[in-house]
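Enquirer:
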Ligand code: SIN
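What follows is the structure, given as structure tokens:
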């Protein structure tokens with residue numbers, strides 16, 4: 313098998329595919345993906361893609377909304393790029409065949425609204441926008457013979473070749489999970505686009521693949537990791553047996569759904585002038601606070617006042633999922649709780665998606681481009697992945713020119729088979745998830761963080777019995793990565809001595825204005 317490519321992409325979500333489709337103009341691309349190609353966080357994105365696509369909107373307004381949600385920590389240059397280049401990337405998707413909702417009469421895009429947005433600007437495909445983006449992108453990839461997709465390949469670590477004082481990434485060592493062997497994939501440039509880390513929590517909207525592998529790999533390779541304390545909890549996930557943590561899109565509130573307590577109290581107007589459409593951190597904390605007061609396990613999301621036919625056609629996936637669990641959302645309010653949803657921090661990049669390591673780029677949830685600050689604005693995530701994936705590909709021409717000939721040895725090692733469901737490994741994963749859920753939730757304290765740090769260390773100590781270097785399995789690799797990411801989140805949270813955006817510490821309940829725009833940056837070196 314040829315494992316020497318011009319460009320290597322880790323991850324097959326919207327960022328990785330956007331990059332691959334652009335980079336294949338300059339060379340051959342290999343996309344490595346942990347499961348089937350469509351299985352990515354992107355695929356589960358319901359709400360949509362924010363973008364300035366109508367006459368009553370402007371870059372300035374999208375910029376302002378993004379900065380406001382970001383609680384003073386967004387990098388303004390990155391936000392400018394996001395809002396200005398975003399609409400072109402949305403048009404690229406449409407040109408590729410993505411079918412977004414349009415107004416029946418005018419034929420114009422039917423733009424939705426979500427929390428923190430001052431205008432209707434959410435481009436969507438009913439309530440499965442990510443699925444539609446992924447479908448269109450994969451169809452486009454299929455037509456490119458310069459792109460090869462490797463399914464069921466798990467990226468383990470980057471390959472580095474240090475030339476003088478300049479570290480250079482020359483690809484990655486990858487675990488072929490079917491043949492059970494480790495293989496080196498060499499490339500002139502590598503894009504990290506492996507998505508998020510929601511699975512380090514017990515309750516998350518993220519699919520099982522989201523175990524933070526990319527952040528852990530970047531950390532081990534020496535890339536600084538920024539702002540990991542800002543884990544976004546989505547305010548509204550399903551709280552009924554069998555459907556736990558299924559996402560109920562913020563677009564429902566955009567279409568008039570309201571939050572209520574068990575006694576029918578509409579509490580959000582007391583917390584923010586935008587009420588149910590306040591930024592996510594505010595809504596999630598308001599729910600937390602109502603639950604603390606009442607002792608209830610959930611609050612309710614009520615859309616029963618809207619026309620049932622509208623609800624069924626606008627939210628078909630949500631409607632069907634709830635019906636399958638015995639709940640008719642057109643007739644009954646929906647029990648909801650917040651769950652871990654999105655990491656605003658990640659591998660630190662510049663505005664071209666470049667990391668400090670030559671030849672290593674990152675985009676999307678695994679990266680920290682500076683766009684989201686302390687709290688991501690709704691539906692800015694697919695947009696960010698596309699904008700910075702595209703920019704990374706555009707800066708590659710330089711990379712290709714600078715590529716030096718290095719002796720590359722083909723490498724392949726057969727590994728001993730280990731069960732993917734070893735009870736010890738699964739048990740340690742659960743313990744870690746429980747610690748994060750209980751102690752590093754959307755409200756933290758000095759004590760809870762210190763306890764979390766100690767318990768994670770204990771899990772790490774016990775995990776040494778499953779050292780991935782000896783006998784390998786995806787579950788073992790994931791455990792190692794999950795532990796690493798949990799440590800980065802806790803360490804970042806401990807070092808931020810204030811509350812801001814998604815990070816709320818009861819021992820420092822206020823924002824420290826002296827800190828200004830200080831990112832939390834952890835470096836291994
Ligand atoms: C949602 O549909 O509420 C999620 C979209 C997002 O995370 O921006």
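Numbering (the numbering used here), first residue to last: 313 to 837. All residues carry an ideal CB built from backbone N, CA and C; glycine is no exception.
Cutting at 6 Å between CB atoms, please list the residues of its own chain near residue 395, excluding the five before and the five after it.
Expert: Around residue 395: 371, 374, 375.
Enquirer: In this structure, does DSSP put residue 593 in helix, strand or coil?
Expert: Helix, per DSSP.
Enquirer: Could you tell me which of 344, 738, 641, 745 sits nearest to residue 622, measuring between CA atoms?
Expert: Ranking the options by Cα distance to residue 622, first place goes to 641.
Enquirer: Residues around ligand 1, please: the condition is that the C-beta lies closer than 5 Å to some non-hydrogen atom of it.
Expert: Here the list is 358, 359, 561, 562, 690, 691.
Enquirer: Who pairs with residue 342 in a beta bridge, going by DSSP?
Expert: BP columns for residue 342 point to 320, 460.
Enquirer: Taking DSSP's pairing of strands, which residues face residue 479 in a bridge?
Expert: DSSP lists 474 as partners of residue 479.
Enquirer: Quick check for students: name the residue ranges of the alpha helix (DSSP H) that lie wholly in the stretch 517 to 577, counting only runs of 4 or more.
Expert: Taking only runs of at least 4 residues, the alpha helix (DSSP H) segments lying wholly in the stretch 517 to 577 are 525 to 533, 563 to 566.
Enquirer: For residue 706, which residues in the same chain have their Cβ closer than 8 Å to its Cβ, ignoring the five residues on either side in sequence?
Expert: Here the set comprises 334, 664.
Enquirer: DSSP on residue 398, reduced to helix/strand/coil?
Expert: Helix, per DSSP.
Enquirer: For the candidate residues 692, 729, 503, 416, whose alpha-carbon lies nearest to that of residue 359?
Expert: Among 692, 729, 503, 416, the Cα nearest to that of residue 359 is on 692.
Enquirer: Provide the residue span of the alpha helix (DSSP H) that contains residue 923, from first to last.
Expert: Lying outside 313 to 837, the shown extent of the chain, residue 923 is not represented and no answer is given.
Enquirer: Tell me, to the nearest whole angstrom, how far the beta carbon of residue 574 is from that of residue 608; I am working on the premise that it is less than 8 Å.
Expert: Going by Cβ atoms, the distance from residue 574 to residue 608 rounds to 6 Å, so yes, they are a contact pair.
Enquirer: Going by DSSP, name the residue or residues bridged to residue 723.
Expert: Paired residue(s): none; residue 723 is not in a bridge.
Enquirer: Give me, in chain order, the residues of the same chain whose beta-carbon lies closer than 6 Å to that of residue 348; leave out the 5 immediate sequence neighbours on both sides.
Expert: Same-chain partners within the cutoff: 463.
Enquirer: Which whole-angstrom value describes the C-beta separation of residue 600 and residue 755, a residue pair presumed to lie in contact below a C-beta threshold of 8 Å?
Expert: Indeed, because the Cβ distance is near 6 Å, the residues count as touching under 8 Å.
Enquirer: Report the three-state DSSP secondary structure of residue 438 (helix, strand or coil).
Expert: Three-state DSSP puts residue 438 in coil, outside helix and strand.
Enquirer: Please report the straight-line C-alpha distance between residue 806 and residue 694, rounded to a whole angstrom.
Expert: If you take the alpha carbons of residue 806 and residue 694, they lie about 29 Å apart.
Enquirer: Touching or not, the stretch 783 to 797 and the stretch 738 to 745, by the rule of three or more beta carbon pairs under 8 Å?
Expert: Touching, yes.
Enquirer: Along the alpha helix (DSSP H) that carries residue 374, what are the first and last residues, could you check?
Expert: Its alpha helix (DSSP H) spans residues 371 to 381.
Enquirer: Just checking my contact of residue 747 with residue 772 at CB under 8 Å: how many whole Å lie between their CB atoms?
Expert: So it is not a contact: roughly 11 Å between Cβ atoms.
Enquirer: Here's the rule: buried if 16 or more other CB atoms are within 10 angstroms of the residue's CB, otherwise exposed. What is residue 809?
Expert: Residue 809 comes out exposed.
Enquirer: Please determine, among 758, 753, 757, 797, the residue with the shortest C-alpha to C-alpha distance to residue 769.
Expert: That would be 797, whose Cα lies nearest to the Cα of residue 769.
Enquirer: Give the straight-line distance between the Cα atoms of residue 830 and residue 816, rounded to the nearest whole angstrom.
Expert: The straight-line gap from Cα to Cα measures roughly 16 Å.
Enquirer: Using only alpha-carbon positions, find the residue among 406, 340, 423 that is nearest to residue 451.
Expert: Closest by alpha carbon: 406.
Enquirer: Which residue or residues does DSSP assign as beta-bridge partners of residue 648?
Expert: 550, 611, per the DSSP bridge assignment.
Enquirer: Here's the rule I'm using: 16 or more other beta-carbon atoms within 10 Å means buried, otherwise exposed. How should residue 560 be labelled?
Expert: Buried, because 16 or more other Cβ atoms sit within 10 Å of the Cβ of residue 560.
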